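Each position in the sequence shown, counted from 1, maps to that position plus 44 in our numbering.
Beta carbons: idealized from backbone N, C-alpha and C, even for Gly.
Owing to the predicted nature of the structure, the values given are computational and were not obtained by experimental measurement.
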Amino acid sequence: MNKEINEQWANRFAKVKAVVVKLDELIARIMIDHNIQKTMEGPLPTSSITTAVNAGQLDNVVNDEVLELVKKEIIRTLDLEEYKIKDTIINDLLENGRQSLSKYEKYILPDIYEASINEIHGNLIKSLKKYFEQQWEVKYGSSNQWFILFLKEYKDGVNYDSVLKRTAEYGNKYLKDCPILSIVLQLLFEGIDDTCMDETNVFNDLWCTITNNGLKSIANFSDNKKRSVLFQALREYYRPKLFKLLEKSQVKDKDNLYELALDNVVEYGWLQGLQAVRKRIIPIFFETLIENIPVSGDTSGKPVQPEVEAAIAVTEQSCVIGQDTQISWKFSGIEKPRVTWLFNGQPLPTNDRFQVTETDDGTSTLSIRQAEFADQGNP
């Protein structure tokens, strides 16, 4: 079989990725593509892969090959196979997301550029989402099984796709210096949207507070399962910084001191967490330790309170005396807001006449039975 002639024919069809004339090569490709398909949970195009792979290295090769396949997919989408600048463009896209493509408009065919930069469900954004999702699992999850399980749990949710889209659009912009913690925060706190990332700076405030003051700084964080995941993510953030600081301060890791200090810092933040192990550290070394505590951005040190928005068009509501009535307010914010109804500045007691109900979408409704003239006042 003439391989060159068949390759010329195959180039006319996007779904034909290679021409194989040797049986051994074909079998090798089929076997590795089968492993890739299982990894991605979906079919992938056949591609040329090195066949000399040791059995113990297969998983790593497959994972790396998946990322390489997606890179090639992006190159084909942008029709850059024949151009040297393709590597520069690809590296920028994988670092800074789709928005970085605007720097290379003059290197891409107009129709392809317009579709790639604008389409919500276009081929480029799909490929970038595939790449970053695989990167989450391979690069960040390979040594953190809890993170893999966490991603699987959230995978079918709307917020998962939103976070993945944001990453595909902006790359590593919001991953800070600890991608695992950033991804966990974005998935756990569904109130964090693109506005919170830039315009209101909510995400940055949350990041600075929790990386300075630990898990306790998150107000009303009572979900034990979510708390456990965030605890693990914070361990990934604090561990390298804390261990480096302890070593620099000449603190020896006796009787599991480093791990004990890590758990305390994760829970209570730098200062309070280190104070918890103070008696196990030589005073002069502890002074050095405290003096060199790293600080993450500007923060007041106060707990992060929910950003609350109340969708109310009027400040007064009238009703007919003797009839039942309702007043509803809708709240949204990071973590579910805790709503307290006030009447003339005092908490409103619940009884047979006053009942408060809340719905999953954040709406709090006060039901008043048989309204009386004395019920007027400032809510």
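**Asked** Helix, strand or coil: how does DSSP classify Val246 here?
**Response** helix
**Request:** May I ask you to check if the CB of His165 is nearer than 7 Å to at least one heavy atom of the ligand GTP?
**Result:** Looking at this structure, you won't find the ligand GTP or any other ligand, since it has none at all.
**Prompt:** Mind checking whether Thr255 and Tyr214 have CB atoms under 8 Å apart?
**Reply:** no
**Cβ pair Leu250, Leu229 closer than 8 Å** = yes
**Request:** Rounded to whole angstroms, what's the CA-CA distance from Leu278 to Val310? Just pull it up for me.
**Result:** 6 Å
**Request:** Determine the extent of the alpha helix (DSSP H) in which Ser261 is found, giving its start and end residues.
**Result:** Unbroken run through Ser261: none, as it is neither H nor E.
**Request:** Pick out the complete alpha helix (DSSP H) segments inside the segment 133–176, 4 residues or longer, and give them in chain order.
**Result:** 154–162
**Asked** Among the residues of its own chain, which have a CB less than 6 Å from the CB of Lys270, if the five just before and after it don't count?
**Response** The answer, listed in chain order, is Leu232.
**Asked** How about the segment 187–202 and the segment 128–144: do they share at least three Cβ pairs that are nearer than 8 Å?
**Response** no
**Prompt:** Would Leu168 pass as a contact of Thr132 if the rule is Cβ separation under 8 Å?
**Reply:** no
**Asked** Under three-state DSSP, which class holds Val105?
**Response** Unreliable positioning characterises Val105 in this predicted model, as indicated by a pLDDT of 47, which lies under 50. The coordinate reading is nonetheless provided below. Of the three classes helix, strand and coil, the one that applies to Val105 here is helix, per DSSP.
**Prompt:** Near Lys285, which residues of its chain fall below 8 Å by C-beta distance, leaving aside the five closest residues on each side in sequence?
**Reply:** Pro338
**Item:** Thr239 in three-state terms, based on DSSP
**Value:** Of the three classes helix, strand and coil, the one that applies to Thr239 here is helix, per DSSP.
**Asked** Which whole-angstrom value is the C-beta distance of Tyr184 and Leu111, which I expect to be below 8 Å?
**Response** Contact doesn't hold; Cβ gap of about 13 Å is too wide.
**Request:** Note down the Cα distance separating Leu113 from Ile262, rounded to an integer number of angstroms.
**Result:** 40 Å
**Spatial neighbours of Met84 in its chain, beta-carbon cut-off 8 Å, leaving aside the 5 residues before and after** = The pLDDT assigned to Met84 is 44, lower than 50, so where the model puts this residue is not dependable; a value taken from the coordinates is nonetheless given after this. Hits under 8 Å: Val110, Lys174, Gln178.
**Message:** Please classify Val246 as buried or exposed, where buried requires at least 16 neighbouring CB atoms within 10 angstroms.
**Reply:** buried
**Prompt:** What is the rounded straight-line gap between the Cα of Phe287 and the Cα of Asp221?
**Reply:** 16 Å
**Item:** Spatial neighbours of Arg397 in its chain, beta-carbon cut-off 6 Å, leaving aside the 5 residues before and after
**Value:** Arg413
**Prompt:** By Cβ distance below 7 Å, which residues in the same chain neighbour Asp238 in space, the five residues on each side in sequence not counted?
**Reply:** Setting aside the 5 residues that flank it on each side, Asp238 is surrounded in the same chain by Arg210, each with a C-beta closer than 7 Å to its C-beta; the list follows chain order.
**Request:** State buried or exposed for Pro223, treating a residue as buried only when at least 16 other CB atoms are found within 10 Å of its CB.
**Result:** buried
**Item:** Phe398 - DSSP class collapsed to helix/strand/coil
**Value:** strand
**Item:** Neighbour-count burial assignment, Ile164, 16 or more Cβ in a 10 Å radius
**Value:** exposed
**Message:** My assumption, with CB atoms under 8 Å, is that Tyr312 sits in contact with Ala320. Please give the rounded CB distance.
**Reply:** About 7 Å separates the two Cβ atoms, so the contact holds.
**Asked** Among the residues of its own chain, which have a CB less than 7 Å from the CB of Ile134, if the five just before and after it don't count?
**Response** Lys115, Ile118, Ile119
**Request:** Could you say which of Glu331, Glu149, Val273 lies nearest to Leu193 if we only look at CA atoms?
**Result:** Val273
**Asked** Under a three-way DSSP split, which group does Leu304 fall into?
**Response** Three-state result, Leu304: helix.
**Request:** Quick one: measure Cβ to Cβ for Ser293 and Leu318, integer angstroms, because I've assumed they're closer than 8 Å.
**Result:** The Cβ separation is near 10 Å, so there is no contact.
**Asked** Whose C-alpha, out of Ser340, Ile236, Glu234, Glu291, is nearest the C-alpha of Asn257?
**Response** Ser340
**Asked** Where do the N-terminal and C-terminal ends of the beta strand (DSSP E) with Leu229 fall, by residue?
**Response** From DSSP, Leu229 is part of no beta strand (DSSP E) but of the alpha helix (DSSP H) over 223–232.
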